[in-house]
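Visitor:
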Amino acid sequence: MITVQSFDHYGEWARFEPATGSLVIHGRHQPAPQGEPTPSGHYGRLGDVLAVFYRYEEDLRLRIGDQEIELGSSPEAQHERLEDRCRLTIGRTSVDYTAPAVLIDPSEDPTPFAEPEDFDFGLFVVSVLRSPSRRTALYLSEHS
234 MITVQSFDHY
244 GEWARFEPAT
254 GSLVIHGRHQ
264 PAPQGEPTPS
274 GHYGRLGDVL
284 AVFYRYEEDL
294 RLRIGDQEIE
304 LGSSPEAQHE
314 RLEDRCRLTI
324 GRTSVDYTAP
334 AVLIDPSEDP
344 TPFAEPEDFD
354 FGLFVVSVLR
364 SPSRRTALYL
374 SEHS
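Numbering of the sequence shown is given in my numbering, commencing with residue 234 and proceeding in unit increments.
1) Excluding sequence positions up to five away, which residues of its chain have a Cβ less than 7 Å from the Cβ of valine 257?
2) At what residues does the beta strand (DSSP E) containing serine 366 begin and finish?
3) Is the Cβ-Cβ distance between leucine 279 and glycine 355 less than 8 Å?
4) Return helix, strand or coil for glycine 254, following the three-state DSSP convention.
5) For glycine 260 and glutamate 250, I'd like the C-alpha separation in whole angstroms.
6) By how many angstroms is the C-alpha of glutamine 300 removed from the C-alpha of histidine 275?
7) From aspartate 353 to proline 333, what does the alpha carbon distance come to, in whole angstroms?
8) For glycine 298, count neighbouring C-beta atoms within 10 Å of its own C-beta (all shown protein chains included) and say buried if the count is 16 or more, exposed if not.
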């Protein structure tokens, strides 16, 4: 089992079993387990589908629903936003989901340092996969 943190809810974390896809969510008020100083991934929802983006056995992986995608071979990754819908495509797998709500007027944004990928889990995944340095460094523990 590995520890993953919520993409959407600050302070929320879960224990994830890569072999089965089991995810047990713990609330913000439960301390993260000792001995695992950095999370090994993130989890979030793409519409009604649970997705977990994580590093396991030194490789980046993505689970979308029941489908496991190994990302070591650099599959083609694409994110499209069409009005109120988004589509995440990794290799031959794609999922459509409602576009996340973001502030329209940048002057209203209380977090001027935030990027669009901070609000959209699918866009975050694609941004990481398109950046060789981020792909290499993301979710590495202090002991790697």
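We put the CB at the ideal spot given by N, CA and C, even for glycine.
Guide: In brief:
1) For this step, residue 257 is matched to residue 24 along the sequence shown. Once the five neighbours on either side are set aside, the close Cβ partners of valine 257 are Ala247 and Arg248.
2) Residue 366 sits at position 133 when you count from the first residue of the sequence shown. No beta strand (DSSP E) holds serine 366; the alpha helix (DSSP H) holding it covers 365-370.
3) On the sequence shown, position 46 is the one that residue 279 refers to. On the sequence shown, position 122 is the one that residue 355 refers to. Here leucine 279 is near glycine 355, since their CB atoms are less than 8 Å apart.
4) Stepping through the sequence shown from its first residue, residue 254 is reached at position 21. Coil.
5) Taking the sequence shown and counting its residues from 1, one reaches residue 260 at position 27. Taking the sequence shown and counting its residues from 1, one reaches residue 250 at position 17. Cα to Cα, glycine 260 sits roughly 18 Å from glutamate 250.
6) Start at 1 with the first residue of the sequence shown, and residue 275 comes out as number 42. Start at 1 with the first residue of the sequence shown, and residue 300 comes out as number 67. Straight-line Cα distance between these residues: approximately 16 Å.
7) Sequence index remark: in the sequence shown, residue 353 carries index 120 (1-based). Sequence index remark: in the sequence shown, residue 333 carries index 100 (1-based). For aspartate 353 and proline 333, the distance between alpha carbons rounds to 6 Å.
8) Counting from 1 along the sequence shown, the entry for residue 298 is found at position 65. Glycine 298 should be labelled exposed.
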